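Following: one structure in structure tokens, then a few remarks.
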Amino acid sequence: MRVFLLSQDYDGSPLYSLKKREVQYLEKVLRLEKGTIFTAKDTKDNYYEATLEDEGTLLLKPTDNPEDTLLDSLSGYSGPFAPIDVYVSILKGKKNESVVRALTEIGVRKIIFMDTDNAQEHDFSSHQKERLETILKEAVQQSGSRSPILSGPVSFFTAIEKAEGKKVILHQSIRGKTTYIEKVFTNDDIKNVASLFIGPEGGFSDQECVLAENNGFYPVLLRTNILRAETAAVYTAAAVQSLLHPNT
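Numbering (this note's numbering), first residue to last: 4 to 251.
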């Protein structure tokens with residue numbers, strides 16, 4: 004279901020001051036008028052009945068029935084979602100934005116950017132970080148998905164230490180322990196975290212693959228064509244989510 008996502012600094016008060024971009028979204032994109040009632044939620048997945056008081060203010064009232072005041076009648080999958088954490092190397096330019104948008108719409112739990120050996124960029128500017136947060140928020144509002152935790156960049160070594168559950172690293176060449184996604188995950192894993200590691204445009208280095216394997220990762224080769232890094236991230240998350248669907 005599609006809802007309006009409140010900013011991360013929302014403190015729970017009944018009055019919410021809209022930022023300029025939020026005003027434009029409500030008035031120009033959704034074409035809402037003063038007095039319109041709709042559903043909003045905060046980053047902790049608490050839902051509110053929101054009333055547009057004027058062009059700069061919302062009146063918020065907690066609700067247990069968010070479906071009653073949805074922004075539209077679009078239906079959506081209500082879960083349960085498998086807990087999928089995607090660790091992706093910093094990519095070039097706006098590819099990072101594309102990855103955040105798509106993974107948010109899919110419904111992953113976390114998106115963690117990494118600095119890896121073959122990455123051409125090694126950090127984000129403050130503007131880039133702000134832009135990624137904006138992309139995430141817009142994707143949540145568009146798709147009705149939950150809000151994933153967005154973090155990083157962290158070093159590859161730190162990412163290896165943080166990864167939980169069943170851990171997979173994608174690579175571009177045959178390795179001795181190579182396997183495939185459908186052999187790693189079964190329906191019984193739906194409640195277990197799936198940690199997916201996606202490399203940069205040049206792929207992971209051999210040293211990174213060995214480190215991952217030595218820490219319990221499954222080296223996975225996709226059964227498909229050669230994919231761009233940003234495509235591989237989305238493809239892999241979607242494939243794992245499909246494998247871990249409770250009704251399959």
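Every residue, glycine too, gets a C-beta built ideally from N, C-alpha and C.
Just so it is clear, the structure is predicted and the values come from calculations on it, not from any experiment.
Distance from the CA of residue 52 to the CA of residue 144, rounded to the nearest whole angstrom, comes to 15 angstroms. Apart from the 5 residues on each side of it in sequence, residue 236 sits with its Cβ closer than 7 angstroms to the Cβ of 89, 91, 102, 106 and 201 in its chain, given in chain order. Sequence-distant Cβ neighbours of residue 152 in its own chain, meaning closer than 6 angstroms and more than five residues away, are 113. A Cβ-Cβ distance of about 27 angstroms is found for the pair residue 185 and residue 142, leaving them out of contact under the 8 angstroms criterion.
Taken through DSSP and simplified to helix, strand or coil, residue 124 comes out as coil. Inclusion of residue 221 and residue 230 in the CB contact set at 8 angstroms is not warranted, their separation being larger than that value. The residue from 84, 171 and 150 with its alpha-carbon nearest to that of residue 137 is 150.
Spatial neighbours of residue 188 in its own chain (CB-CB distance under 7 angstroms, excluding positions within 5 residues in sequence) are listed in chain order as 169, 197, 243, 246 and 247. Note on the segment 145–184: whole alpha helix (DSSP H) runs with a minimum of 4 residues are 159–165, in chain order. Rounded to whole angstroms, the Cβ separation of residue 42 and residue 7 is 7 angstroms, and the two are in contact under 8 angstroms.
In this chain, residue 95 is not harboured by any beta strand (DSSP E), its DSSP state being neither H nor E.
Take the alpha-carbon of residue 163 and the one of residue 215: they are about 7 angstroms apart. Excluding sequence positions up to five before and after residue 199, its CB lies within less than 6 angstroms of the CB of 89, 171 and 239, all in the same chain and listed in chain order. According to the DSSP assignment, residue 198 belongs to the beta strand (DSSP E) that extends over 197–201.
Per DSSP, residue 23 is one residue of the alpha helix (DSSP H) stretching across 23–27. At a Cβ-Cβ threshold of 8 angstroms, residue 35 and residue 18 do not count as neighbours. Secondary-structure assignment with DSSP links residue 20 through a beta bridge to 60.
Under the three-state reduction of DSSP output, residue 13 falls in the coil class, being neither helix nor strand.
In this structure, the CA atom of residue 218 is about 37 angstroms from the CA atom of residue 12. Leaving aside the five residues that flank residue 24 on each side, the residues in its chain whose CB is nearer than 8 angstroms to its CB run, in chain order, 137. When 207, 213 and 190 are compared, the shortest CA-CA separation from residue 85 is found for 190. Per DSSP, reduced to three states, the secondary structure at residue 113 is strand.
In the three-state DSSP reduction, residue 40 falls in the strand class (E or B).
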